[in-house]
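Participant: Below is one structure. I have some questions about it.
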Amino acid sequence: MNAVIPVENGDVLAAMRGFLRQLLETGVVEALYVPLENGEAIVPALVAAPAQLAGANPLAPVMPINGARAVSALTNKQAPAKIGAVLRACEMRALVELVKLQQATLAGVVLIGVDCAGTYEVAEFVKRRAWGGERLSEYLSAAREGRDPLIEGITLRPACQMCVQPTPTGADIQVHLLGADLTRGIPVTLRDEIAARLGLSAPVGETADRAVVVEKLIAIRAQVREKELTAIKERMASEGGLASLFAACLRCHNCMTACPLCYCKTCLFKTAAFEHKPEHYLSAARRKGATRMLGDTLLFHVTRMNHMSASCVSCGMCTSACPTGIPVGAIFSAVGGQVQSAFGYTPGRSVDEPLPLITFLANEWAGIGEEK
Amino acid sequence: MTTNDFEPRIVAFLCNWCTYTGADLAGTSRLQYPPNIRIVRLMCSGAVDPVYVLKPLLEGVDGVLIGGCHPGDCHYQTGNYKTRRRYVALQEILKAAGFDEQRVWLRWISASEGQRFAATVTEMVTALKELGPNPMRETWAV
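Here the protein sequences line up with chains C and E, keeping their order. Going by our numbering, the first residue of the first sequence is number 325, and it counts up by one from there. Going by our numbering, the first residue of the second sequence is number 211, and it counts up by one from there.
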C-alpha cells in the first residue's frame with residue numbers, strides 16, 4: 325500500500341530516523357544496514373541498537389561503498405537474523421546480480437529501497453560537511469523537481485549524472501524521495517502488515533505525480549548518458565584506444581575492490597599465473613622494443629570486462645575509487661552495455677532473469693562457427 | 211615490412227576430441243596448409259577462458275583461433291555451448307573496446323574434418339594478411 329511517513333517541522337531527516345528506528349523497535353528487522361554519521365564522514369554500518377539510529381543518515385548524498393557488498397557479507401547463504409538494508413537504486417541492482425552469482429541471499433532480508441537523486445564523491449562531500457541549510461534544501465528541491473542539484477562548487481559523480489535508473493525496484497519498502505515535497509511527508513510503498521505495525525496510513529489529499537518527475541529526470545540523465553558513452557566509445561576506437569585510456573593506471577586494483585560485482589576472494593591477477601619469470605619481461609621488451617612494467621595492466625581491465633561487464637550496473641564506484649581519474653565506470657558501462665544488448669539482458673532487473681554467461685541453449689547463434 | 215613479407219602469427223586453442231584430432235588428420239593425410247599456426251591443446255573448447263585469447267592478442271599475435279566440436283557433439287555434452295556464449299561476449303567486448311574482433315575466430319571442426327581444418331587455417335592466414343599486422347605489436351604500454 326501507499327503510505328506517508330509524517331514529517332514534523334519540515335525535518336525530513338528526523339522523520340527518516342524515526343521510521344528506521346520503528347523498524348528496529350517493532351521487530352520488523354533485528355538489525356539494519358544503514359549509513360551513520362561519523363564526524364565529517366558518512367560510514368556504512370550494521371545497527372543493532374535503536375539508539376545508534378540517532379546518527380543514521382540515508383539521505384546524505386554520498387555512497388562510500390556499494391551496499392550490495394555489505395548485504396552479501398551479511399547474508400551469503402543465509403541471513404543470520406532478520407536483516408534490513410537501506411539501499412539506493414544501483415545498490416539494489418548490484419545486489420540482484422550478486423544473488424544470481426550466489427554471493428548473497430534475499431531470504432530473511434527486508435530491503436528498503438530509497439530513490440536516489442544522486443551522490444557526490446566522498447572527498448567532495450567530506451570537504452563540505454555543512455550539509456544542512458541551503459545545500460540540503462536545494463538538494464531536496466532538485467529531488468522534488470526531477471533535476472540535478474545546483475550547488476556551487478560541487479557536482480554529482482559522473483555515474484550519477486548519467487544514471488537512468490534512479491528508482492529501486494523489488495524492495496519490500498520503497499521510499500519515494502523523488503517528486504514530492506518531503507517537508508510535508510515522505511511517501512512510501514510497503515506491505516500492509518508492515519504499515520500496520522508502524523502505524524502508518526495512506527496519504528491524505530493530492531499526491532504529487534511522481535512518475536512524471538521521475539520520467540523528466542531520466543530524460544535529462546539519458547541525454548548525458550548517450551553523450552558520455554558515445555564519447556568514450558570514440559576514444560576507445562581512436563588512435564591509442566584503450567591502452568592510452570589506461571596509460572595512467574597504477575595497478576592498484578581499487579576499481580576491482582570497489583566494484584560490488586567483483587567478488588573473487590583472490591583475483592586471477594594476484595595469483596601465480598601472473599608471476600612472470602624475468603625472461604618473460606626481457607623477451608617482451610626485445611620483441612616490442614619496450615615493455616610496460618609491471619606487466620598485464622591492460623589485460624587486467626579487458627579480462628575484468630569479460631568476467632563482469634555483463635552484470636555491470638553502472639554504479640560508478642570504480643571511477644570514484646580510481647586515484648588517477650581514469651573514467652573506468654564510463655568504459656565499463658559502454659562495453660557492458662554492448663554485451664548486455666547482445667544478450668538482451670538487463671542487469672539488476674530481476675532475480676529470475678538468468679545470467680547470460682552461465683546460461684546456454686543447444687540452439688542459438690547457429691551461424692557462428694559453422695562458416696564454410 | 212611490405213604486405214608480401216608479412217607472415218601472420220596465429221595462436222590456436224583446439225579441443226582435444228574434435229579439432230585437435232581433426233588437425234592431426236590433416237597431418238596424416240599430408241594436407242598442405244600454411245605453417246603460421248601454433249596450437250595449444252585443451253580438453254574442451256569450453257575450457258577456453260577469455261584471458262587465454264586476450265593475452266596473446268595484447269602481446270601482438272595477429273590472430274587467435276578457437277576450435278571445438280560442432281554444437282551437440284561436445285565430448286562433455288555442453289562445453290561448446292558455453293564457448294559460443296563466451297565468444298559472443300568477447301566479440302562485443304573487442305568491438306566496444308577498440309580492438310579488431312576479426313582477429314578472433316571460432317570454428318567448429320570435427321575429428322573427421324581434416325580438410326576443413328586445413329582450409330580454415332589457409333583462409334585465416336589469407337584474411338589476416340589482408341588485415342595486416344596487429345597494431346598491438348607496436349603497443350608496448352599494455
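Note that beta-carbon positions come from the ideal geometry of N, C-alpha and C, so glycine has one too. Source: prediction; values computed, not measured.
Quick one: Cα of Cys596 (chain C) to Cα of Cys588 (chain C), how far?
Facilitator: Position 272 of the first sequence, counted from the first residue, corresponds to residue 596 (chain C). Position 264 of the first sequence, counted from the first residue, corresponds to residue 588 (chain C). Sequence inspection shows Ala at residue 596 (chain C); the Cys mentioned does not correspond to that position. Going by the C-alpha atoms only, they are around 15 angstroms apart.
Participant: Verify the CB distance criterion: does Ile247 (chain E) have a CB-CB separation below 8 angstroms to chain C?
Facilitator: Here residue 247 (chain E) refers to the residue found at position 37 of the second sequence. No, no contact with chain C.
Participant: Buried or exposed for Cys646 (chain C), please, with buried defined as at least 16 other CB atoms from any protein chain shown within 10 angstroms of its CB.
Facilitator: Within the first sequence, residue 646 (chain C) is the residue found at index 322, counting from 1. With 16 or more Cβ atoms within 10 Å of its Cβ, Cys646 (chain C) is classed as buried.
Participant: Kindly indicate which three-state DSSP category Gln489 (chain C) falls into: helix, strand or coil?
Facilitator: Within the first sequence, residue 489 (chain C) is the residue found at index 165, counting from 1. Coil.
Participant: Here's the rule: buried if 16 or more other CB atoms are within 10 angstroms of the residue's CB, otherwise exposed. What is Ala321 (chain E)?
Facilitator: Translated into positions along the second sequence, residue 321 (chain E) becomes position 111. Buried.
Participant: Anything in the region 636-663 of chain C with a Cβ closer than 7 angstroms to a Cβ of chain E? List those residues in chain order, please.
Facilitator: Taking 7 angstroms as the Cβ-Cβ cut-off against chain E, the residues of the region 636-663 of chain C that qualify are Ala658, Val659, Gln662 and Val663.
Participant: Using the rule of at least 16 other Cβ atoms within 10 Å of the residue's Cβ for burial, across every protein chain shown, is Gly477 (chain C) buried or exposed?
Facilitator: Position 153 of the first sequence, counting from 1, holds the residue named residue 477 (chain C). Burial call: exposed.
Participant: Would you verify that the beta carbon of Pro343 (chain E) is, or is not, closer than 8 angstroms to some beta carbon of chain C?
Facilitator: Taking the second sequence and counting its residues from 1, the one referred to as residue 343 (chain E) is at position 133. No - not a single Cβ of chain C is within 8 angstroms of the one on Pro343 (chain E).
Participant: Of the residues C:Gly509, C:Glu695, C:Leu347 and C:Gly523, which one's Cα is nearest the Cα of Gly529 (chain C)?
Facilitator: Position 205 of the first sequence holds residue 529 (chain C). Comparing Cα-Cα distances from Gly529 (chain C) to each of C:Gly509, C:Glu695, C:Leu347 and C:Gly523, the minimum goes to C:Gly509.
Participant: How many Å lie between Ile692 (chain C) and Tyr297 (chain E) at the Cα?
Facilitator: Here residue 692 (chain C) is taken as the residue at index 368 of the first sequence, counted from 1. Here residue 297 (chain E) is taken as the residue at index 87 of the second sequence, counted from 1. Those two C-alpha atoms are separated by around 9 angstroms.
Participant: Whole alpha helix (DSSP H) runs in the region 377-461 of chain C with 4 or more residues, listed along the chain?
Facilitator: Counting only runs of 4+ residues, the alpha helix (DSSP H) found wholly inside the region 377-461 of chain C occupies 391-399, 413-424 and 446-451, in chain order.
Participant: Could you tell me whether the Cβ of Trp227 (chain E) comes closer than 8 angstroms to any Cβ of chain C?
Facilitator: As a position in the second sequence, residue 227 (chain E) is number 17, starting the count at 1. No, Trp227 (chain E) does not count as interfacial toward chain C.
Participant: Hey, how far is the Cα of Leu398 (chain C) from the Cα of Trp315 (chain E)?
Facilitator: By 1-based counting over the first sequence, the position of residue 398 (chain C) is 74. By 1-based counting over the second sequence, the position of residue 315 (chain E) is 105. Spanning the two alpha carbons is a distance of roughly 43 angstroms.
Participant: Please name the residue, chosen from C:Val358, C:Phe593, C:Trp689 and C:Ala495, that lies closest to Leu377 (chain C) on a Cα-to-Cα basis.
Facilitator: By one-based count along the first sequence, residue 377 (chain C) stands at place 53. The shortest Cα separation from Leu377 (chain C) among C:Val358, C:Phe593, C:Trp689 and C:Ala495 belongs to C:Val358.
Participant: If the cut-off is 8 angstroms on Cβ atoms, which residues from the region 285-300 of chain E count as contacting chain C, listed in chain order?
Facilitator: Thr288, Tyr291, Lys292, Arg294, Arg295, Arg296, Tyr297, Val298, Ala299 and Leu300
Participant: Can you name the residues of chain C whose CB is closer than 7 angstroms to the CB of Lys339 (chain E)?
Facilitator: The residue given as residue 339 (chain E) occupies position 129 in the second sequence. Here the premise fails: no neighbours, minimum Cβ distance about 18 angstroms.
Participant: Within 10 Å of its beta-carbon, does Cys225 (chain E) have 16 or more other beta-carbons around it, so buried, or fewer, so exposed?
Facilitator: Within the second sequence, the letter at position 15 stands for residue 225 (chain E). Buried: at least 16 other Cβ atoms inside 10 Å.
Participant: If I measure Cβ to Cβ from Asn326 (chain C) and keep anything under 7 angstroms in the same chain, skipping five residues before and after, which residues do I get?
Facilitator: As a first step, residue 326 (chain C) must be located in the first sequence, where it is residue number 2. Pro511, Thr513, Ala526 and Pro527, listed in sequence order.
Participant: Within its chain, find whatever has a CB closer than 6 angstroms to the CB of Thr330 (chain E); leave out the 5 residues flanking it on each side and keep chain order.
Facilitator: Stepping through the second sequence from its first residue, residue 330 (chain E) is reached at position 120. The answer, listed in chain order, is Arg317.
Participant: To the nearest angstrom, report how far apart Leu267 (chain E) and Met346 (chain E) are at their CA atoms.
Facilitator: To locate residue 267 (chain E), count along the second sequence from 1; it is residue 57. To locate residue 346 (chain E), count along the second sequence from 1; it is residue 136. Whole-angstrom Cα-Cα distance: 7 angstroms.
Participant: If we ignore side chains and look at the alpha-carbon of each, how far apart do Tyr444 (chain C) and Arg248 (chain E) end up?
Facilitator: Here the question's residue 444 (chain C) lines up with position 120 in the first sequence. Here the question's residue 248 (chain E) lines up with position 38 in the second sequence. Computed Cα separation, rounded: 51 angstroms.
Participant: Run through chain E and tell me which residues come within less than 7 angstroms of Glu694 (chain C), C-beta to C-beta.
Facilitator: Along the first sequence, read from residue 1 onward, the residue named residue 694 (chain C) stands at position 370. Chain E residues near Glu694 (chain C): Trp318.
Participant: Given Val450 (chain C), which residues of its chain have a CB within under 6 angstroms of its CB, disregarding the five upstream and five downstream residues?
Facilitator: Along the first sequence, read from residue 1 onward, the residue named residue 450 (chain C) stands at position 126. If we look at Val450 (chain C) and ignore the five residues flanking it on each side, its Cβ neighbours are Glu364 and Ala365.
Participant: Does Gln242 (chain E) come out as helix, strand or coil in the three-state DSSP assignment?
Facilitator: Position 32 of the second sequence, counting from 1, holds the residue named residue 242 (chain E). If DSSP states are grouped into helix, strand and coil, Gln242 (chain E) belongs with coil.
Participant: Please state if the CB of Gly653 (chain C) and the CB of Pro482 (chain C) are separated by a distance shorter than 8 angstroms.
Facilitator: Here residue 482 (chain C) is taken as the residue at index 158 of the first sequence, counted from 1. Here residue 653 (chain C) is taken as the residue at index 329 of the first sequence, counted from 1. Against a cut-off of 8 angstroms, the Cβ pair of Gly653 (chain C) and Pro482 (chain C) comes out as a contact.
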